[in-house]
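In terms of mature numbering (1 follows the signal peptide of the UniProt record, and there is no 0), the sequence shown is residues -29 to -1, 1 to 103.
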Amino acid sequence: MARALLFRLLLTFAVSVLACLLVFTPAAAAPTTDTQRITIILTSDLQHNGAVAWTDADGRLRTQSDVPLLQRDSEGNWTASLVYTRAAGDLPVDALFQSGGRLSRCEIRIDGEHVADHTADGPRPTSSCRTG
């Protein structure tokens, strides 16, 4: 009787350990793809501005009107950044920014590296940037 109980106990333990190993085996990591961090920096002498248009991670055109810029730079101008990640590739990045004041600047960085910029001035100026 004691042997039967010991056998059942060992069998239960072995099955439990096997089940835990099967259930809690770590999953394989998802395949990684190269990505790029895109940063579009907008600058104006006014906080509230006209509109901005840019290409998103899939290369589609996006727009926003009444663009508020929420930070001040070292020159006292207003600035904001649009940051997204996309699959690495040769698709160009475009940005178009209309200021409500007398200064409009856009800058594009890919993985922190400056790749394009444009500054325009005058009444309600529009700056445009394009990579590639």
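Glycine included, each C-beta is placed from N, C-alpha and C at the ideal position.
Ala76, buried or exposed, once every other Cβ within 10 Å from all chains shown has been counted against 16: Residue mapping note: residue 76 aligns to position 105 of the sequence shown, counting from 1. Contrary to the premise, residue 76 reads as Arg rather than Ala in this sequence. Arg76 comes out buried.
Going by beta-carbon coordinates alone, are Asp65 and Arg101 separated by less than 8 Å? Indexing the sequence shown from 1 puts residue 65 at position 94. Indexing the sequence shown from 1 puts residue 101 at position 130. Yes, they are a contact pair.
With DSSP as the reference, label Arg76 as helix, strand or coil. Position 105 of the sequence shown, counted from the first residue, corresponds to residue 76. If DSSP states are grouped into helix, strand and coil, Arg76 belongs with the strands.
As assigned by DSSP and simplified to three states, the class of Arg57: If you number the sequence shown from 1, residue 57 lands on position 86. Here Arg57 sits in strand by DSSP.
For the candidate residues Ile81, Ala87 and Ala59, whose alpha-carbon lies nearest to that of Thr4? Here residue 4 refers to the residue found at position 33 when the sequence shown is read from its first residue. Minimum Cα distance to Thr4 is reached at Ala59.
Using DSSP with H/G/I as helix, E/B as strand and the rest coil, what is Arg33? The count along the sequence shown starts at 1 and reaches residue 33 at position 62. The answer is strand: DSSP assigns Arg33 an E or B state.
Buried or exposed, going by whether 16 or more other CB atoms sit within 10 Å of the CB of Ile80? As a position in the sequence shown, residue 80 is number 109, starting the count at 1. The amino acid at residue 80 is misidentified as Ile; the sequence shows Arg. Buried, since its Cβ has 16 or more Cβ neighbours within 10 Å.
Nearest residue (CA-CA) to Ala28, options Val86, Ser15 and Thr56: For the purposes of this step, residue 28 is taken as the residue at position 57 of the sequence shown. Residue Thr56 is the option with its Cα nearest to Ala28.
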